[in-house]
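Chemist: Numbering of the sequence shown is given in this note's numbering, commencing with residue 8 and proceeding in unit increments.
All residues carry an ideal CB built from backbone N, CA and C; glycine is no exception.
Dropping a structure here in structure tokens format, bear with me for questions.
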Amino acid sequence: MRRAQANKSVIFLGLIVLILVVMVTIIAFSLRTDPVEETLQDESVMKVLIVLHDEEGESILTDVLLYYPVSKKGALFDILGNTGSIYESLGRVDRIDAIYKEKGIDVYKKEIEKLLAVDIPFTLEFDAEGFGEITDILGGMKVFVPTPVDEVSPNGERWLLPGGAVTLDGDKIDTYINYILPDELESDREERKQNVLIAFLSALGENRNVIFNKKNFPVFAKKFKSNIGDKGLYSLLEQISYVDSQRLNPQIITGSTRMVDGKKLLFPYYDGQLIKDVVKQTMNSLISEDGTMQNRVYVINVLNGTSKQGLARNTASLLKSAGYEILGVGNADKNDYEDTAIINHIGNKEVAKALGDFIHCENIIEEEVKPESEGLDNVADVDFTLIVGADFDGRYVRSSKKFDRQEKQAPSDSQEEQNGAPVENKE
């Protein structure tokens, strides 16, 4: 009798403990904060890894979106699939997208975090079929096709696209991503992929009222995979739907290509330090008080003021990787400039300083800016002219006292070639 009562007491206590555990779990989940809001409390710039993959699990597109909710401005960094390095997760030299296929999104994210020197809290994945369905849900995506496309794929599929500014449905957007023209550059294909991602963000914003309706969102959310729950995904997509897609400036990793084990790999310049600097500069620009650096793409003319062959062209490549547009490269009026100089044609001191900071140049010359009322002939074709002097080593100006500490950490002239700095025999 006593044993039976003891067993009942144990069962009763067990039930009480179970009820308490369930209640604590429910309360914990109900009090759990939105992971997106929680992250924004600690960091001002949102960072999202976005991956589009095919049926075999190979990455078609990999981008890191940097987004500053206060200004609604953002930037895209295209992680080229053939970016090469000795990847610890693989234990070998290989393409970075091999990590995604072999190890999955979590390990892939960690390697990209190392590459860019930033923590990336959020991931978004979709496959090609799901992306096509997303396109249809959003009512199509607006892209620009330079010329009409009528080609046949390697497997016999016919690629057909109209030319001009068009809105493409899910099937056509797949064609837009995958078609290959006979003489097309690889950079053109990469640009198309970036255009698709920008079109997605634009369409997301335009259809915000429909997509983020509580009844509609679960259907839309099924097309994504993320590293946060449904509530977090809703918050994340809602936040990035406000990005100013018209001002997104896609940037890519620049480097030198080498053949390794039969694979053409891109090794980032300066042992990867350049892309880290570019990301840091971009994040600083996003959160700058007036956001001037993100208003548009600034145009630079690069002139070689030394007798060193290829310096202007190599410098132009460096600046393009930082998101600047290069109007042209050439030789200065003489080849014995000792000091590198930036000529500010537009009177924007903040942007001029940002350019100077990027290459450690303090010698900024302010050109007189004539009022617009004096006529269009006075409007400069270029925002800044960079005259490269003897004090420029291909990455930094070496004589600036302000940057002495950074200079000690920067690669020397002899290291540049080892680190994959571009070498050309022109301007």
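Going by DSSP, which residues form a beta bridge with residue 351?
Modeler: For this step, residue 351 is matched to residue 344 along the sequence shown. For residue 351, which the question treats as bridged, DSSP gives the partners 373 and 391.
Chemist: Is residue 103 closer than 8 Å to residue 127 when the C-beta atoms are compared?
Modeler: In the sequence shown, residue 127 corresponds to position 120, counting from 1. In the sequence shown, residue 103 corresponds to position 96, counting from 1. Taking 8 Å as the Cβ cut-off, residue 127 and residue 103 do not qualify as a contacting pair.
Chemist: Should residue 90 go down as buried or exposed, given a rule of 16 or more other Cβ atoms within 10 Å for buried?
Modeler: For the purposes of this step, residue 90 is taken as residue 83 along the sequence shown, with counting starting at 1. Residue 90 should be labelled buried.
Chemist: Can you list the beta strand (DSSP E) stretches of 3 or more residues lying completely in the segment 65-111, in chain order?
Modeler: Fully enclosed beta strand (DSSP E) runs of 3 or longer: 66-75, 80-85, 91-94 and 99-102.
Chemist: Rounded to a whole number of angstroms, what is the C-alpha to C-alpha distance between residue 160 and residue 217?
Modeler: Within the sequence shown, numbered from 1, the residue matching residue 160 stands at position 153. Within the sequence shown, numbered from 1, the residue matching residue 217 stands at position 210. Cα-Cα distance, rounded: 36 Å.
Chemist: From residue 328 to residue 335, what distance separates their C-alpha atoms?
Modeler: Along the sequence shown, read from residue 1 onward, the residue named residue 328 stands at position 321. Along the sequence shown, read from residue 1 onward, the residue named residue 335 stands at position 328. The straight-line gap from Cα to Cα measures roughly 15 Å.
Chemist: Where does residue 431 fall in DSSP's three states?
Modeler: In the sequence shown, counting from the first residue as 1, residue 431 sits at position 424. Confidence in residue 431 is poor, its pLDDT being 38 and thus under 50, which makes the residue's placement too unreliable to answer from.
Chemist: Would residue 333 and residue 349 qualify as a contact pair, given that the criterion is a beta-carbon distance under 8 Å?
Modeler: To locate residue 333, count along the sequence shown from 1; it is residue 326. To locate residue 349, count along the sequence shown from 1; it is residue 342. The answer is no: Cβ separation not under 8 Å.
Chemist: Whose CA, out of 215, 396 and 145, lies closest to the CA of residue 313?
Modeler: Reading the sequence shown from its first residue, position 306 is the one you call residue 313. Residue 396 is the option with its Cα nearest to residue 313.
Chemist: Do you know whose CA, among 277, 276, 95 and 331, lies nearest residue 303's CA?
Modeler: Walking along the sequence shown from the start, residue 303 turns up at place 296. For residue 303, the nearest C-alpha among the options comes from 331.
Chemist: Which residues in the same chain have their Cβ closer than 7 Å to the Cβ of residue 207, if we skip the five residues on either side of it in sequence?
Modeler: The residue given as residue 207 occupies position 200 in the sequence shown. Taken in chain order, the residues that qualify are 148.
Chemist: Using the Cα positions of residue 254 and residue 80, report the straight-line distance between them to the nearest angstrom.
Modeler: Your numbering for residue 254 matches position 247 in the sequence shown. Your numbering for residue 80 matches position 73 in the sequence shown. So the alpha carbons of these two residues sit roughly 7 Å apart.
Chemist: Would a C-beta distance cut-off of 8 Å place residue 175 and residue 150 closer than the cut-off?
Modeler: For the purposes of this step, residue 175 is identified with residue 168 of the sequence shown, where counting begins at 1. For the purposes of this step, residue 150 is identified with residue 143 of the sequence shown, where counting begins at 1. Yes. Within cutoff.
Chemist: Under the three-state reduction of DSSP, which class applies to residue 264: helix, strand or coil?
Modeler: Counting from 1 along the sequence shown, the entry for residue 264 is found at position 257. Residue 264: strand per DSSP, three-state reduction.
Chemist: Assign residue 285 to one of two classes, buried (16 or more other C-beta atoms within 10 Å of its C-beta) or exposed (fewer than that).
Modeler: To locate residue 285, count along the sequence shown from 1; it is residue 278. Classification for residue 285: buried.
Chemist: Write down every uninterrupted run of the alpha helix (DSSP H) in the segment 147-194 whose length is 4 residues or greater and which is fully enclosed by it, in chain order.
Modeler: List check, alpha helix (DSSP H) in window: 177-185.
Chemist: Given this structure, state the Cα-to-Cα distance separating residue 68 from residue 401, to the nearest angstrom.
Modeler: Residue numbering aside, residue 68 sits at position 61 when the sequence shown is read from its first letter. Residue numbering aside, residue 401 sits at position 394 when the sequence shown is read from its first letter. Between residue 68 and residue 401, the C-alpha separation is close to 31 Å.
Chemist: Secondary structure at residue 336, three-state DSSP: helix, strand or coil?
Modeler: Working through the sequence shown from its first residue, we reach residue 336 at position 329. Of the three classes helix, strand and coil, the one that applies to residue 336 here is strand, per DSSP.
Chemist: Taking the alpha carbon of residue 342 as the point to measure from, which residue in 27, 398 and 250 has its own alpha carbon closest?
Modeler: Residue numbering aside, residue 342 sits at position 335 when the sequence shown is read from its first letter. Residue 342 has its Cα closest to that of 398, out of 27, 398 and 250.
Chemist: Given a threshold of 16 other Cβ atoms within 10 Å of its Cβ, counted over all protein chains shown, does residue 351 qualify as buried or as exposed?
Modeler: Against the sequence shown, residue 351 aligns to sequence position 344. Counting Cβ neighbours within 10 Å, residue 351 comes out buried, since at least 16 surround it.
Chemist: To which residues of the same chain is residue 251 closer than 6 Å at the C-beta, ignoring the five residues directly before and after it?
Modeler: Against the sequence shown, residue 251 aligns to sequence position 244. Cβ neighbours of residue 251 beyond the five flanking positions: 79 and 80.
Chemist: What is the DSSP secondary structure of residue 230, counted as helix, strand or coil?
Modeler: Counted from its first residue, the sequence shown places residue 230 at position 223. DSSP places residue 230 in coil when its eight states are reduced to three.
Chemist: Going by DSSP, what residues sit across from residue 59 in a beta bridge?
Modeler: Taking the first residue of the sequence shown as 1, we reach residue 59 at position 52. Answer is 68 and 133, bridged to residue 59.
Chemist: Can you tell me where the alpha helix (DSSP H) with residue 246 in it begins and where it stops?
Modeler: Here residue 246 corresponds to residue number 239 of the sequence shown, with the count starting at 1. Start and end: 237-247.
Chemist: If contact is defined by three or more beta carbon pairs under 8 Å, each pair taking one atom from either stretch, is the segment 170-188 in contact with the segment 126-141?
Modeler: Short answer: they touch.
Chemist: According to DSSP, is residue 316 part of a helix, a strand, or is it coil?
Modeler: As a position in the sequence shown, residue 316 is number 309, starting the count at 1. If DSSP states are grouped into helix, strand and coil, residue 316 belongs with coil.
Chemist: State the CB to CB distance for the pair residue 66 and residue 88, rounded to an integer number of angstroms; the pair is presumed to be in contact (CB under 8 Å).
Modeler: By 1-based counting over the sequence shown, the position of residue 66 is 59. By 1-based counting over the sequence shown, the position of residue 88 is 81. Contact holds; Cβ gap of about 6 Å.
Chemist: For the candidate residues 319, 133, 247 and 84, whose alpha-carbon lies nearest to that of residue 63?
Modeler: Residue 63 sits at position 56 when you count from the first residue of the sequence shown. Nearest option by C-alpha distance: 133.
Chemist: Could you have a look at residue 121 and say whether DSSP puts it in helix, strand or coil?
Modeler: In the sequence shown, the residue the question calls residue 121 occupies position 114. If DSSP states are grouped into helix, strand and coil, residue 121 belongs with the helices.
Chemist: For residue 203 and residue 24, I'd like the C-alpha separation in whole angstroms.
Modeler: Reading the sequence shown from its first residue, position 196 is the one you call residue 203. Reading the sequence shown from its first residue, position 17 is the one you call residue 24. Roughly 53 Å between the two C-alpha positions.
Chemist: With the cut-off set at 8 Å, would you say residue 243 and residue 322 are in Cβ contact?
Modeler: Residue numbering aside, residue 243 sits at position 236 when the sequence shown is read from its first letter. Residue numbering aside, residue 322 sits at position 315 when the sequence shown is read from its first letter. Against a cut-off of 8 Å, the Cβ pair of residue 322 and residue 243 comes out as no contact.
Chemist: Using the C-alpha atoms, what's the distance from residue 158 back to residue 188?
Modeler: Position 181 of the sequence shown, counted from the start, is the residue given in the question as residue 188. Position 151 of the sequence shown, counted from the start, is the residue given in the question as residue 158. Each residue's alpha carbon lies about 7 Å from the other.
Chemist: If you follow the beta strand (DSSP E) that residue 293 is in, where does it begin and where does it stop?
Modeler: Start at 1 with the first residue of the sequence shown, and residue 293 comes out as number 286. No beta strand (DSSP E) contains residue 293, which is instead part of the alpha helix (DSSP H) from 280-293.
Chemist: Alpha carbons only, please: which of 72, 92, 230 and 59 is nearest the one belonging to residue 263?
Modeler: As a position in the sequence shown, residue 263 is number 256, starting the count at 1. Of 72, 92, 230 and 59, the residue nearest in Cα terms is 92.
Chemist: From what residue to what residue does the alpha helix (DSSP H) around residue 306 run?
Modeler: Counting from 1 along the sequence shown, the entry for residue 306 is found at position 299. It is not in any alpha helix (DSSP H) - residue 306 instead sits in the beta strand (DSSP E) that spans 306-311.
Chemist: If you draw a straight line from the alpha carbon of residue 26 to that of residue 248, how long is it in whole angstroms?
Modeler: Position 19 of the sequence shown holds residue 26. Position 241 of the sequence shown holds residue 248. So the alpha carbons of these two residues sit roughly 41 Å apart.
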